[in-house]
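Protein chains: 2
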Amino acid sequence: MTQRISVVENILNANDRLAQENFERIQAAGVFSINIIASPGAGKTSLIERTLPLLKGRLRVATVDGDIATSLDSDRAAAAGASASVQINTGGDCHLDAVMLRGALDQLDLTQYDLLIVENVGNLVCPANFKLGTHKTVLVASVPEGDDKPYKYPGSYRGVDALIVNKIDLLPYVDFRMDYFLQGARVLNPSAAVFPLSCRSGEGLEAWIKWLVQNAA
Amino acid sequence: MTQRISVVENILNANDRLAQENFERIQAAGVFSINIIASPGAGKTSLIERTLPLLKGRLRVATVDGDIATSLDSDRAAAAGASASVQINTGGDCHLDAVMLRGALDQLDLTQYDLLIVENVGNLVCPANFKLGTHKTVLVASVPEGDDKPYKYPGSYRGVDALIVNKIDLLPYVDFRMDYFLQGARVLNPSAAVFPLSCRSGEGLEAWIKWLVQNAA
Chain A
0 MTQRISVVEN ILNANDRLAQ ENFERIQAAG VFSINIIASP GAGKTSLIER TLPLLKGRLR
60 VATVDGDIAT SLDSDRAAAA GASASVQINT GGDCHLDAVM LRGALDQLDL TQYDLLIVEN
120 VGNLVCPANF KLGTHKTVLV ASVPEGDDKP YKYPGSYRGV DALIVNKIDL LPYVDFRMDY
180 FLQGARVLNP SAAVFPLSCR SGEGLEAWIK WLVQNAA
Chain B
0 MTQRISVVEN ILNANDRLAQ ENFERIQAAG VFSINIIASP GAGKTSLIER TLPLLKGRLR
60 VATVDGDIAT SLDSDRAAAA GASASVQINT GGDCHLDAVM LRGALDQLDL TQYDLLIVEN
120 VGNLVCPANF KLGTHKTVLV ASVPEGDDKP YKYPGSYRGV DALIVNKIDL LPYVDFRMDY
180 FLQGARVLNP SAAVFPLSCR SGEGLEAWIK WLVQNAA
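For the record, the sequence lines run as chains A and B. For the first sequence, numbering that gives the first Met the number 0 begins at 0 and goes up steadily by one. For the second sequence, numbering that gives the first Met the number 0 begins at 0 and goes up steadily by one.
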């Protein structure tokens, strides 16, 4: 076991160095960048689809979509109005890492954008261990996942800058105690901005858009 | 990169050998065993909570609950009537492996049970790569996750023996095309048994219980 741990630590250190390089590159181009993490089906892609039209004429947006297979997500981002959309197929890997993001950045002229949205692989465990070099980490939770998730996945809820609670239109139909959920999330991360919203109904999206525009200004 | 791949392959081979040992041990004790995998919040624990009372007097059940943190899941399994319930805290690891299950089996007198339910970590990517040595793999999908999941997470949907589609009570409130979902799942695994059900309303649970009882007989 010692051998294995040592190898993993070396990989993580190398990743952190590359993440720092990515950060400096994004920063130098004057772009604000976010890394979106979530469970499968929490609504990362739907959030991006809803967000892009609302940013039209205000921010020029590039998206990088990580997926194990298919280009369904980047297709949706492109259709929703991303100025550029790069797909990363991880080929089975459970997370994006800084090497993969560097490969995507190589395909973008960053000076042409104000906002870079990186959509990570749907996974509430592994992506939290791999910095990419973005300015902020955004976690998309969703009401039907249940209100115990911050308690059960503390690694992902810790270090989050913005917490989206999606699918609030389903609140009447499921058992979800918003106060219990937020209590768990805030213990791990008292300063996170919280955005309860519904990508389906559109409710609550304005506050999220305002946060993006303010940060990208 | 070659070095890293080689290490991972060695770990997987070692895991497969231990999984075979686990299987022989479970088989020798006359126990039927399942490995339940799912996204966070799809309803693994709720399914177990619903299943145990319905098996009362028919099958003696032991549960092994894998989680990154907390004993919330095994507490719920014990409260629902598991004859024995072992919690594995992976301490951050994104999946159960055969070593962890062996440690749990060491704490159980397998001859006392008919059914062993292993609840994996909530993750639709990594658990699929680590055999545990159970007889069957059960994937719990849920309606609000969306109907594109078999296409986006083929590694987890491939090799599944039973597919539960949970939260069908939410079908009227979300966009979920059951035929599109099942088409994707069946391409990857034509022989999987499919159980649309709702742990909340109880609808559809009988067919699932029947499948368990028949397999454990």
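Note that beta-carbon positions come from the ideal geometry of N, C-alpha and C, so glycine has one too. Quick caveat: nothing in here was measured; it's all calculated off a predicted structure.
Residue state for residue 133(B) is assigned as coil, using DSSP reduced to three classes. When DSSP states are grouped into helix, strand and coil, residue 175(B) belongs to the coil group. Less than 8 Å divides the Cβ of residue 151(A) from the Cβ of residue 71(B).
Remark: C-beta atoms of residue 163(A) and residue 54(A) do not approach each other more closely than 8 Å.
A direct Cα-to-Cα measurement between residue 189(B) and residue 21(A) gives close to 43 Å. For the beta strand (DSSP E) assignment, the uninterrupted runs of no fewer than 3 residues enclosed by the stretch 93–119 of chain B are, from N- to C-terminal side, 114–118. At least one beta carbon of chain A lies nearer than 8 Å to the beta carbon of residue 143(B).
Residues of the stretch 34–50 of chain B with a C-beta atom less than 7 Å from some C-beta of chain A are 38, 39, 40, listed in chain order.
Residue 208(A) has its alpha-carbon roughly 13 Å from the corresponding atom of residue 59(A). In the three-state reduction of the DSSP assignment, residue 69(A) falls in the coil class, being assigned neither a helical nor a strand state. In its chain, beyond the 5 residues on either side, 32 have a beta carbon closer than 6 Å to the beta carbon of residue 25(B). Under the Cβ distance rule, residue 187(B) does not count among the residues neighbouring chain A, no pair being separated by less than 8 Å. When only Cα atoms are considered, residue 130(A) and residue 65(A) end up about 14 Å apart. Taking CB atoms only, residue 159(B) has no neighbour in chain A less than 8 Å away. Nearest to residue 14(B) by alpha-carbon distance, out of 100(B), 136(B), 176(B), is 100(B). Here the stretch 177–184 of chain B makes no contact with the stretch 75–85 of chain A; the two share fewer than three CB pairs at distances below 8 Å. The alpha-carbon of residue 161(A) is positioned some 8 Å away from that of residue 194(A). Interface residue (Cβ-Cβ distance to chain B less than 8 Å): residue 125(A) is classified as such.
With respect to the 8 Å criterion, residue 133(B) and residue 159(B) are not classified as neighbours on the basis of their beta carbons.
Below the 8 Å Cβ cutoff, chain A contributes 168, 169, 172 as neighbours of residue 172(B), in chain order. According to the DSSP assignment, residue 85(B) belongs to the beta strand (DSSP E) that extends over 83–88.
By alpha-carbon distance to residue 16(B), the top candidate from 121(B), 96(B), 215(B), 191(B) is 96(B). For residue 67(A), the nearest beta carbon of chain B is closer than 8 Å to its own beta carbon.
Closest option to residue 210(A), judged by alpha-carbon separation, among 69(A), 114(A), 90(A), 23(A): 114(A).
Residues of chain A with a Cβ closer than 7 Å to the Cβ of residue 147(B) are, in chain order, 71. Close CB contacts of residue 126(B) within its chain, under the 6 Å cut and outside five residues either way in sequence, are with 36, 94, 119 (chain order).
At a C-beta separation below 9 Å, residue 120(A) has these neighbours in chain B: 124. With fewer than 16 other CB atoms across the displayed protein chains lying within 10 angstroms of its CB, residue 19(B) is exposed. With respect to the 8 Å criterion, residue 192(A) and residue 41(A) are not classified as neighbours on the basis of their beta carbons.
In this structure, DSSP gives residue 45(B) a helical state, which the three-state scheme calls helix. The C-beta of residue 61(A) has 16 or more other C-beta atoms within 10 Å across all chains shown, which makes the residue buried. Taking residue 12(A) as reference, the option from 128(A), 51(A), 123(A) with the minimal CA-CA separation is 128(A). Closest in alpha carbon position to residue 30(B), among 117(B), 143(B), 69(B), is 117(B). For residue 106(A), the closest of 214(A), 86(A), 198(A) by C-alpha to C-alpha distance is 86(A). Residue 200(B) carries a coil assignment under DSSP once its states are collapsed to helix, strand and coil.
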